[in-house]
C-alpha cells in the first residue's frame, strides 16, 4: 500500500506496482534501466520496453502527484524517500531500537517497540507482485527479519512474565513454521512456566519426531538443554526477568533457556538445596557484604567460607547465590575446584580459566596458553561487568588467586575445608567460618524432612537422632531421609541402629578423622541398600572422574542400562547419589571416599580391577567411535573388538559427538591419568590418540598437552615406539597452536626420526604436514612446501586419501599466502574432492572457504561467491559459528566489489554479530571495513 500521509494512492496496474516496489527497494539510489526492464518483463522484454518504461514512470509520477519523487539519474531512475516514510525502513529501525533497549535491560520498552514494528505489517512482503525475482529475494529477506522480530518480541514477553498468553500464539507459530526451533523453545518455556511441564516435554518429543521424519536430524543444543533443564526442574526456568521501563543493568537473559535470544548471561549455579533451613546468622553476615560490592572499583569483595566436610558450605553458598543473583545481571559462574577430591588432583587454575573464558565466549584460538596470560584475560573480560563467581571446594589460597577478577563490581564466594589464611591476608577476604548447626537449627532440618507430626510424636528419639548426627547437616539429612523412606519404623528403632553402627565405626576411625560423625550415617544408609544397589554404589567410588553418565555406569557395573537406571534411582532416593543432569550422576566427595572404602572392603580385588577396566575401555571405544564422526578418514590405531558388556552405541551427528566430548572431557582426562598411574599403558596412550580430533577442532590445548604427556610417558615405559612417535607428532601440533615454536619443532623432529626408524611412514607424513603449518606461520614458505611435498609422496605411496587431502589443503593455503592463486585453486580443488570422498566435513568446510578466498584474490567473483556460499552452508550444518562469520564476511566483500553496498553491509552486520558473540578479535576488522565502506 502507498499513501501520501493522508489518503491511499490507488495503483491498479500490476506493472506500476512492480515499478514502484523496485524503486522503493533501492530507495534514494539509482536503478538502471536494464534492471527495471528485467524486473518488469523478465528475460524476454518487448522491443518497446524502454519506451514503455518511460511511459510507466510518467504515469507513476502522476499517480504520486509529483515529479520530484522520481528523478532521471543515469543510467536509470531514483525514487526519493524521506526518513520514516517507508515502512520497511521504519520496521528495521524500530527493531534496531528494540535491540538497544534490550541490551540496556529496558525490556518493557523493547517489547513495546517490537510490537510497533510488527504492527507495520499487512500480510507478506511484496504480496501480489507476481514473479519478479528481485522482489522475491527482498520479500524473503524481509519475511525472515519479521520472523526474527517475532522471536525477539516473544523473548521479551517471556521476560515480562506473559507466558500464559503466549501459549496459543506459539501453538500457531510452531504449526506454521515447524522447523524454527526458537518458536518451539519459546512454547516449551511458556508451558513450563505455566505449570505444564508434561506438555512442554511433549513439545520436545513432537519436535524430535518432526525433525527426524522430515530432515533426518536431532533437535539443536538449545532445545536439548531446555529439555534437560525441565527434567531437572531447574529453578532458573521459573524466574523470568521483569526489567524496569527506565533501563538499568544488562538483562540476565533467562529467556535464553528457551533458545529465543542469541546471547544470555551465563547462569552456572547448580540446583539449590531442596528444603534449605537454618543458617540465619550466616546469611545475615553474607547479606552485609552486598553494599560493599562496587564501592571500591579496584577491590573485589570476597566471602571465604571454611568448615569441615559435610557441614554444608556448598549448600549455603549456592542457596545464598540464588537469593542474590538478580543483583548480578552479567551472570553467575560456578566451578568445583576439586580441592579435596578423592583422586588427589585439584582442578588446575589454567583449566578453570580456560572453561571460564569459553563460557564468556572467548574463541578457543584466542585463549592464551600461559596461566598468567589467561588470568589477565579473565580479569579483562570481567572489567565493567557485575558478576557473581562461586569457587567451591578450594584446595589452597594459591589455587584461588588466579581466579579472581580485577573489577570491584564482582562478588566472589569461596568455600574450602581450609581457612585460606593466605587469601584473607593478601586480598582482605571476609572470613566466614561455617560451624555445625545449632541444636535448634538441626531440629528444624529434621522437621523440614520428616514433618512436625513425626518429631512431636517421638521428641526424645528425635533429640537422640540429632545428637548421634552431631548436628552435621549431611549426616542429619541422610538420617532424616532414611527415616522418611521407612515410615513404618519408629525414630527410636532408627536411633538404636545408628548408635550401634556408629560405635563400630568409631573404633576404626582415626582420632582426627573429621568424617567420623557422617560415616555412621553413610554406613547406615549403605547397609540398608539392596545388594545390587549397594554394589553399584561401591563401584561408583572406583570411577576416576568427578561425575559419570548412565552408559558409563552400565559399563562400570557390567549391567544393562535399564537395570542400572533403576538402581541409580534407588541411590538418589536415599541421597547417596545426586543426579546433576539428565543421566549424569555425582557423589559428594565424602561419599566418594566412603564408597571407595567399602569397595575395597566388600568387593574382591579382581572384581574392582575388572570394573575399572571396563569403564576405561568404554571411554576408549566410545571416543574412537566419536573420533570417526569428527574426522572420518584419518589413520587409526587398531583396537581389539570391544567386549559385549561395554554395550556401545553409535554416536549421533558431528555436533552431538563434539557435545559428548565436552561433557566427558574431565572424565577422560582423569581416566588417562588413572590408567597411567596403575600401569595400563595401552589405555593411557590410546585414549589421548582417539581424542586428537576433538582437541584439534575445539582447541582444547591444556587437555591436549596434559593427556599426551601422560600418554607419552606410558608409551616410553611400555617401550612402544609406534605410540611414542605418534604422540610426539600430535604434541608438536599442540605446541604450534599455542605458539611454543621451539618445543613444536623439537617434537616434530623426534617424531619423524622415530617414524623413519620403525618404518611408520604415515606418521612421518603426518608430522611433516603439521610441521609445514609451523613453517608457514613463520613465513618460511619454501620449507613449508618442501615438507608438504615429502608428505605428499608418502601419502601417495600408501594410498592415504585423508592425509593427501590435508597436504593438498596446506599447499593451497601456502600458495594463497604467497599469491600464487592458480596453484592454490588447483590444490584446494583436489583437496575438496578427497575430503568429500572420505566424508570429512571439517576439512571440506575449511577448503571451501579457502577456495572462496582464493577466487576472490583472482578477481573471479562468481566462483568466489559459489564456494563462499557452500562454506557458509557447511559451517551452519556443523554449528561452526566462527566459520559462518568468516564466510559471511567474504560474501560481504564480494557484494561490495560489485557495488552493492547495501547487501554488503547486511552481510557484514551478520558477521559482526557472530564475531562479537564469540568475542573474536576479527570483529574489529569488520567494524573498520564497514566504516570505510
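Numbering (this note's numbering), first residue to last: 2 to 934.
Even glycine gets a Cβ: it sits at the ideal position worked out from N, Cα and C.
Every value quoted in this text rests on a predicted model; they were computed, and no experiment measured them.
Check, Outcome
"On the three-state DSSP scale, how would you describe residue 739?", "coil"
"Tell me whether residue 83 counts as near the ligand ATP, meaning its Cβ is closer than 7 Å to at least one heavy atom of that ligand.", "As presented, the structure is devoid of all ligands, the ligand ATP included, so that no description of it is given."
"Near residue 694, which residues of its chain fall below 6 Å by C-beta distance, leaving aside the five closest residues on each side in sequence?", "628, 631, 632"
"Which residue spans inside the region 547-592 form an unbroken alpha helix (DSSP H) run of at least 4?", "551-558, 562-574"
"Should the region 399-410 be called in touch with the region 374-384, which here means at least 3 C-beta pairs below 8 Å?", "yes"
"For the beta strand (DSSP E) that contains residue 82, what are its first and last residues?", "Careful: residue 82 lies outside any beta strand (DSSP E) and carries neither H nor E."
"Just grab the DSSP bridge partners of residue 306 for me.", "416, 433"
"Considering only residues of the region 379-418, which uninterrupted beta strand (DSSP E) runs meet the minimum length of 3 residues and lie entirely inside it, listed in chain order?", "389-395, 412-417"
"For a test of the three-state rule: what should DSSP assign to residue 118, helix, strand or coil?", "helix"
"Assign residue 335 to one of three DSSP states: helix, strand, or coil.", "strand"
"Look up residue 73 in the DSSP assignment and say whether it is helix, strand or coil.", "strand"
"Taking just the CA atoms, how far does residue 438 sit from residue 284?", "13 Å"
"Buried or exposed for residue 855, please, with buried defined as at least 16 other CB atoms from any protein chain shown within 10 angstroms of its CB.", "buried"
"So what's residue 294 in DSSP terms, helix, strand or just coil?", "coil"
"Considering just the uninterrupted stretch of the alpha helix (DSSP H) at residue 450, what are its terminal residues?", "440-451"
"Quick check: the Cα distance between residue 771 and residue 884, rounded to an integer number of angstroms?", "21 Å"
"Does residue 278 come out as helix, strand or coil in the three-state DSSP assignment?", "coil"
"Say whether the region 91-106 touches the region 36-46, bearing in mind that this needs 3 or more beta-carbon pairs closer than 8 Å, one atom from each stretch.", "no"
"Taking the beta carbon of residue 183 as the centre, do at least 16 other beta carbons fall within 10 Å, making it buried, or is it exposed?", "buried"
"Measure the beta-carbon distance from residue 853 to residue 872 and round it to whole angstroms, keeping in mind my assumption that it falls under 8 Å.", "6 Å"
"Does the region 454-464 come close enough to the region 419-430 to have 3 or more Cβ pairs within less than 8 Å?", "no"
"If you follow the alpha helix (DSSP H) that residue 778 is in, where does it begin and where does it stop?", "762-778"
"What's the C-alpha gap between residue 251 and residue 299?", "Confidence in residue 251 is poor, its pLDDT being 26 and thus under 50, which makes the residue's placement unreliable; the coordinate value appears in the next sentence. Taking the straight line from one Cα to the other gives about 21 Å."
"To which residues of the same chain is residue 351 closer than 7 Å at the C-beta, ignoring the five residues directly before and after it?", "372, 375, 703"
"So, is residue 603 buried or exposed, given that buried needs 16 or more other C-beta atoms within 10 angstroms?", "exposed"
"Between which residues of its own chain and residue 747 is the CB-CB distance below 8 Å, once the five residues before and five after are set aside?", "733"
"What are the start and end residues of the alpha helix (DSSP H) that includes residue 669?", "655-679"
"Using the C-alpha atoms, what's the distance from residue 402 back to residue 394?", "14 Å"
"According to the neighbour-count rule (16 or more other Cβ atoms, all chains shown, within 10 Å of its Cβ), is residue 56 buried or exposed?", "exposed"
"Taking residue 226 as the reference, which of 697, 186, 27, 887 has the closest Cα?", "186"
"Assess contact between the region 192-199 and the region 214-222, defined as three or more Cβ pairs (one per stretch) separated by less than 8 Å. Is contact present?", "no"
"Is residue 175 near residue 108, with beta carbons less than 8 Å apart?", "no"
"Who are residue 32's beta bridge partners in DSSP?", "78"
"Are the CB atoms of residue 634 and residue 596 nearer to each other than 8 Å?", "no"
"Given 8 Å as the limit, is there contact between the region 722-733 and the region 706-713, that is, 3 or more CB pairs closer than that?", "yes"
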